[in-house]
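Chains as they are written, first to last, in my numbering: chain A, 29 to 280; chain B, 502 to 934.
Notes for the one structure printed next.
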Amino acid sequence: MSRPTLEIKDLHVSIEGSEIIKGLSLTVKGGEVHALMGPNGSGKSTLANTLMGHPRYDVEDGQVLLDGEDILEMEPDERAKRGLFLAFQYPVEIPGVTVANFLRAAYNALHGDEKPLSVLEFHQLLQQHMKELEMDEEFAGRYLNEGFSGGEKKRHEILQMALLKPRIAIMDETDSGLDIDALKIVADGVNRQRSDELGVLVITHYSRILEYLKPDYVHIMMDGRIVRSGGPELAKELEEKGYDWLREEINA
Amino acid sequence: MTTQTKLDQDYVVELSARKDEPAWMKERRLAAWRKFQELPVPHYERTRLRDSHYDKFIPYVETPAADSWEQLPEELRRAVGDPEGRLIVVQRNSEVVYQQLPADLPEGVIVTDLDTAVREHPDLVEKYFMNRNFPSGDNKTVALNAALHSGGLFVYVPEDVRVKTPVEFIVWIDEAGVGVFDHSIVVAEPRSRVRLVEMALSPEDLGKAYRYGVLDVFTGEGASATLSNVQALGENVQNLVVRRTEPGQRSRTDWVSAEFGGALSVNEIDSQITGVGSEVRGLGVFFASGKQHLDLELMMIQDARETGTDILVRGVVKDEGRAVYAPYTRMRHDAKDSTGFQRGNTLVLDPTARAYSIPQLHVEEDEVQGAGHAATVGKVDEDHLYYLRSRGLTELEAKKLIVDGFFNTVLDHIPIKSVRQHVINLIERKMSA
Numbered sequence: 029m030s031r032p033t034l035e036i037k038d039l040h041v042s043i044e045g046s047e048i049i050k051g052l053s054l055t056v057k058g059g060e061v062h063a064l065m066g067p068n069g070s071g072k073s074t075l076a077n078t079l080m081g082h083p084r085y086d087v088e089d090g091q092v093l094l095d096g097e098d099i100l101e102m103e104p105d106e107r108a109k110r111g112l113f114l115a116f117q118y119p120v121e122i123p124g125v126t127v128a129n130f131l132r133a134a135y136n137a138l139h140g141d142e143k144p145l146s147v148l149e150f151h152q153l154l155q156q157h158m159k160e161l162e163m164d165e166e167f168a169g170r171y172l173n174e175g176f177s178g179g180e181k182k183r184h185e186i187l188q189m190a191l192l193k194p195r196i197a198i199m200d201e202t203d204s205g206l207d208i209d210a211l212k213i214v215a216d217g218v219n220r221q222r223s224d225e226l227g228v229l230v231i232t233h234y235s236r237i238l239e240y241l242k243p244d245y246v247h248i249m250m251d252g253r254i255v256r257s258g259g260p261e262l263a264k265e266l267e268e269k270g271y272d273w274l275r276e277e278i279n280a
Numbered sequence: 502m503t504t505q506t507k508l509d510q511d512y513v514v515e516l517s518a519r520k521d522e523p524a525w526m527k528e529r530r531l532a533a534w535r536k537f538q539e540l541p542v543p544h545y546e547r548t549r550l551r552d553s554h555y556d557k558f559i560p561y562v563e564t565p566a567a568d569s570w571e572q573l574p575e576e577l578r579r580a581v582g583d584p585e586g587r588l589i590v591v592q593r594n595s596e597v598v599y600q601q602l603p604a605d606l607p608e609g610v611i612v613t614d615l616d617t618a619v620r621e622h623p624d625l626v627e628k629y630f631m632n633r634n635f636p637s638g639d640n641k642t643v644a645l646n647a648a649l650h651s652g653g654l655f656v657y658v659p660e661d662v663r664v665k666t667p668v669e670f671i672v673w674i675d676e677a678g679v680g681v682f683d684h685s686i687v688v689a690e691p692r693s694r695v696r697l698v699e700m701a702l703s704p705e706d707l708g709k710a711y712r713y714g715v716l717d718v719f720t721g722e723g724a725s726a727t728l729s730n731v732q733a734l735g736e737n738v739q740n741l742v743v744r745r746t747e748p749g750q751r752s753r754t755d756w757v758s759a760e761f762g763g764a765l766s767v768n769e770i771d772s773q774i775t776g777v778g779s780e781v782r783g784l785g786v787f788f789a790s791g792k793q794h795l796d797l798e799l800m801m802i803q804d805a806r807e808t809g810t811d812i813l814v815r816g817v818v819k820d821e822g823r824a825v826y827a828p829y830t831r832m833r834h835d836a837k838d839s840t841g842f843q844r845g846n847t848l849v850l851d852p853t854a855r856a857y858s859i860p861q862l863h864v865e866e867d868e869v870q871g872a873g874h875a876a877t878v879g880k881v882d883e884d885h886l887y888y889l890r891s892r893g894l895t896e897l898e899a900k901k902l903i904v905d906g907f908f909n910t911v912l913d914h915i916p917i918k919s920v921r922q923h924v925i926n927l928i929e930r931k932m933s934a
């Protein structure tokens, strides 16, 4: 597998006529972890869902290239098949669909051609990944996200990421609502997957998760744009001074 | 051989003579025939029946009996699966053509076709055939069936006997134009137990055909009856069926209905609950596609203390399919300390499909223990689709998974495994079409 590249070029996105993302550019490559930080309402989740192809978001201008190929006209499943993954901030509950059935359908959709697994082989693979995320065996038989605690939902997202082996993973506020133990388990789960064949974009409000994920780059997003980019030290600075500091500096 | 016959009183007399029936049966056929002519077409809220739904059929076709399972049509055998160890009665068009009973059927249990039962157990049939005034009123479909009935199933389970093997009654229609009038009677004496699985099937490419079916159930005190039906007739077949019971005290009745086939299908299930402490459940799944119109009418009349009814139905409509879910629960003045619940959900897959949900709950008794209904009609949640598609599933794969899940919560409650599997296969077939 080659090293993946996700290039976002001058992206403009609106929802029901109002512009949320106002010219955003960012490149994420395999082996890199980028953190995208910003206050509520800055457009972080809009970016995540636009990249994945949510039908409610309208791209007004710009390009998103995955390995040089524009993915903006693609359906979400086509994007997934090219290796894009989104860990949802609010995974939906789908009653009646078991975790095991869902994951097997997803696995077969993405990897069924190259390496078809029997039901038993899949079950073993699933159990192994679940163990690493300290998830109970009976979890596989539960209905998708139904009655899951906040921590279980997020762990389930990381389980999918581990199983589906994406090339570019976007994590949308995966840290929100997690206690410190769950946060460590989730971060470890991501760290285990780090390689040159995976690029990660971590979207977060707080710098807490970054202590465990150790990003290579940190970007600050405000009002639909990236207003500053830097190394890990930028997250520290932000934590000490708060978003207002940056807002004042930009407005000055 | 099929001939277009003029349908009148003389024909009814001739049919009875041809079957060499006793006088009382001929009289009951004639009484039913008169009723059929007097009665208006049944009124269903969202299914408009007309006289033309009752006058297009060939009333009888000759069908040779099969000496062995292998002699039955291949398509039928494939649909039913391996017959080994099962209790199967097969009606093909107008006649029951095949029966296999297990060797360990308990003593005193009768399973046969109704025509044979009239000959061999006339007292029993005379007692149970069209011999109760059903309080929900006369019905034109029932009257026509009783006048022209041929084939049909007769099951009798004596007191305290529990029949382990489900009784499977297959109605196979493969003659275009035929009218099929299966009249089935199930009698479960006090403290007995019986499970019925009725399957109505036909080749998919069959032309127009017309089924008017009746199932009359009699459960004694403390008896238990599970009455399942899977309707997967071809999409040109008209299917009008009435099923009814008046269960005894502290008995348990489970209706399970799966409506998948037919051009126009009305499945009316009436429970007149006069036995103190008896419980009746109505479980249903339906799936209307193409240009199908499916109507599931579940009626629970509670007329005794400590009775319990529970209706749980889930259905899907797609293409230009139409479906009606019409549960009706009435808790009369005598239904003290009773419960009556209804839950129904319909999933609409295409904007061209229509679903009608018409729940009715009438509580006339002040001191019921609980009553309530919930009904929803909705389309597939956009965010559910998006979530699944973000994991690589195509729109169709995602919808399949959602539909499976939607039905799952009801399928879990189907008490007979083979029925559950059959329904799963039918859902799969509909989603792949």
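Glycine is no exception: its CB is placed at the ideal position from the N, C-alpha and C atoms.
Exercise. Taking only runs of the alpha helix (DSSP H) that begin and end inside the region 177-226 of chain A, which ones reach a length of at least 4 residues, in chain order?
Worked result: 178-192 and 208-221
Exercise. What residue does the alpha helix (DSSP H) around residue 920(B) start on, and which one ends it?
Worked result: Mapped onto the second sequence, residue 920(B) falls at position 419. That run of the alpha helix (DSSP H) goes 918-933.
For this session: Determine the chain A residues that contact residue 888(B) at a beta-carbon separation under 8 Å, and present them in chain order.
Result: As a working note, residue 888(B) is residue 387 in the second sequence. Simply 116, 119, 120 and 122.
For this session: With 9 Å as the threshold, decide whether the Cβ of residue 125(A) is near any Cβ in chain B.
Result: Within the first sequence, residue 125(A) is the residue found at index 97, counting from 1. At least one chain B Cβ lies under 9 Å of residue 125(A).
Exercise. Do you know whose CA, among 641(B), 535(B), 814(B) and 552(B), lies nearest residue 857(B)'s CA?
Worked result: What you label residue 857(B) is simply residue 356 of the second sequence in a count that begins at 1. It is 814(B) whose Cα lies nearest to the Cα of residue 857(B).
For this session: Select from 917(B), 709(B), 601(B) and 547(B) the residue whose C-alpha is nearest the C-alpha of residue 557(B).
Result: Residue numbering aside, residue 557(B) sits at position 56 when the second sequence is read from its first letter. Ranking the options by Cα distance to residue 557(B), first place goes to 709(B).
For this session: Go ahead and pull the three-state DSSP assignment for residue 562(B).
Result: Here residue 562(B) refers to the residue found at position 61 of the second sequence. DSSP places residue 562(B) in coil when its eight states are reduced to three.
Exercise. Name the residues in the region 811-841 of chain B whose C-beta lies less than 9 Å from a C-beta of chain A; which are they?
Worked result: none
Exercise. Residues in the region 261-278 of chain A with C-beta within 9 Å of chain B's C-beta atoms, listed in sequence order?
Worked result: none
Exercise. CB-CB under 7 Å to residue 881(B), same chain, minus the five flanking residues each way: which ones, in chain order?
Worked result: For the purposes of this step, residue 881(B) is taken as the residue at position 380 of the second sequence. 848, 850, 900 and 903.
Problem set entry | Contained alpha helix (DSSP H) runs [length at least 4] in the region 78-166 of chain A, N- to C-terminal order | 104-109, 127-139 and 147-160
Exercise. For the alpha helix (DSSP H) that residue 538(B) lies in, which residues bound it at each end?
Worked result: For this step, residue 538(B) is matched to residue 37 along the second sequence. First-last of the alpha helix (DSSP H) with residue 538(B): 524-539.
Exercise. Of all the residues that make up the region 653-683 of chain B, which are near chain A by a beta-carbon distance shorter than 7 Å?
Worked result: none
Exercise. Given residue 802(B), which residues of its chain have a CB within under 6 Å of its CB, disregarding the five upstream and five downstream residues?
Worked result: As a working mapping, residue 802(B) is identified with position 301 in the second sequence. Within the same chain, residue 802(B) has close Cβ partners 773 and 831.
Exercise. Can you name, in chain order, every residue of its own chain whose Cβ lies under 7 Å from the Cβ of residue 48(A), other than the five neighbours on each side?
Worked result: Locating residue 48(A) in the first sequence gives position 20, where the first residue counts as 1. So the list reads 41, 42, 71, 74 and 252, once near-sequence residues are dropped.
Exercise. Name the chain B residues whose beta carbon is nearer than 9 Å to that of residue 137(A)?
Worked result: By 1-based counting over the first sequence, the position of residue 137(A) is 109. 892, 893, 894, 895 and 898, listed in chain order.
Problem set entry | residue 192(A): contacting residues in chain B (beta-carbon distance under 8 Å) | Counting from one through the first sequence, the residue named residue 192(A) turns up at place 164. Simply 892 and 893.
Exercise. Would you say residue 909(B) reaches chain A, if we count a Cβ-Cβ gap shorter than 9 Å as a contact?
Worked result: The sequence position of residue 909(B) within the second sequence is 408, counting from 1. For residue 909(B), the answer is yes, since a Cβ of chain A falls inside 9 Å of its Cβ.
Exercise. Is residue 181(A) close to chain B, meaning its C-beta is less than 9 Å from at least one C-beta of that chain?
Worked result: Taking the first sequence and counting its residues from 1, the one referred to as residue 181(A) is at position 153. Output row for residue 181(A): interface = no.
For this session: For residue 879(B), go through chain A and note every residue whose CB falls closer than 9 Å to its CB, in chain order.
Result: Stepping through the second sequence from its first residue, residue 879(B) is reached at position 378. Neighbours of residue 879(B) on chain A: none; closest Cβ ~13 Å, over 9 Å.
Problem set entry | Test: residue 903(B) CB closer than 9 Å to a CB of chain A | Your numbering for residue 903(B) matches position 402 in the second sequence. Chain A contact via Cβ: present.
Problem set entry | CB contact flag (residue 652(B), residue 683(B), <9 Å) | Taking the second sequence and counting its residues from 1, the one referred to as residue 652(B) is at position 151. Taking the second sequence and counting its residues from 1, the one referred to as residue 683(B) is at position 182. Yes.
Exercise. Run through DSSP, which three-state label would residue 770(B) get?
Worked result: Within the second sequence, residue 770(B) is the residue found at index 269, counting from 1. It is a strand residue.
For this session: Out of 196(A), 90(A), 207(A) and 195(A), state which residue places its alpha-carbon closest to the alpha-carbon of residue 183(A).
Result: Position 155 of the first sequence, counting from 1, holds the residue named residue 183(A). Closest by alpha carbon: 207(A).
Exercise. Distance, Cα to Cα, residue 930(B) vs residue 777(B)?
Worked result: Along the second sequence, one-based indexing puts residue 930(B) at 429. Along the second sequence, one-based indexing puts residue 777(B) at 276. Roughly 42 Å between the two C-alpha positions.
Problem set entry | Sequence-distant residues of its chain with Cβ nearer than 7 Å to residue 77(A) (five each side left out) | The residue you call residue 77(A) lines up with position 49 of the first sequence. Cβ neighbours of residue 77(A) beyond the five flanking positions: 85.
Exercise. Under 9 Å between C-beta atoms, does residue 103(A) make it to chain B?
Worked result: Walking along the first sequence from the start, residue 103(A) turns up at place 75. Yes, residue 103(A) counts as interfacial toward chain B.
Problem set entry | Cross-chain neighbours of residue 134(A) in chain B, by beta carbon under 7 Å | Locating residue 134(A) in the first sequence gives position 106, where the first residue counts as 1. By Cβ distance, chain B contributes 892, 893 and 894.
For this session: Using a Cβ cut-off of 8 Å, pull out every chain B residue sitting near residue 83(A), in sequence order please.
Result: Within the first sequence, numbered from 1, the residue matching residue 83(A) stands at position 55. Under the 8 Å cutoff, chain B gives 883 and 887.
Exercise. Taking the alpha-carbon positions, what's the residue 679(B) to residue 515(B) distance?
Worked result: The count along the second sequence starts at 1 and reaches residue 679(B) at position 178. The count along the second sequence starts at 1 and reaches residue 515(B) at position 14. Taking the straight line joining both Cα atoms gives about 18 Å.
Exercise. If the cut is a Cβ gap below 9 Å, which residues of chain A does residue 906(B) touch?
Worked result: Along the second sequence, one-based indexing puts residue 906(B) at 405. Ordered by position in chain A, the residues that pass the 9 Å Cβ test against residue 906(B) are 122, 123, 124, 125, 126, 129, 130, 171 and 172.
For this session: Count the CB pairs spanning the region 158-177 of chain A and the region 915-933 of chain B that are closer than 8 Å, and state whether there are at least three.
Result: no
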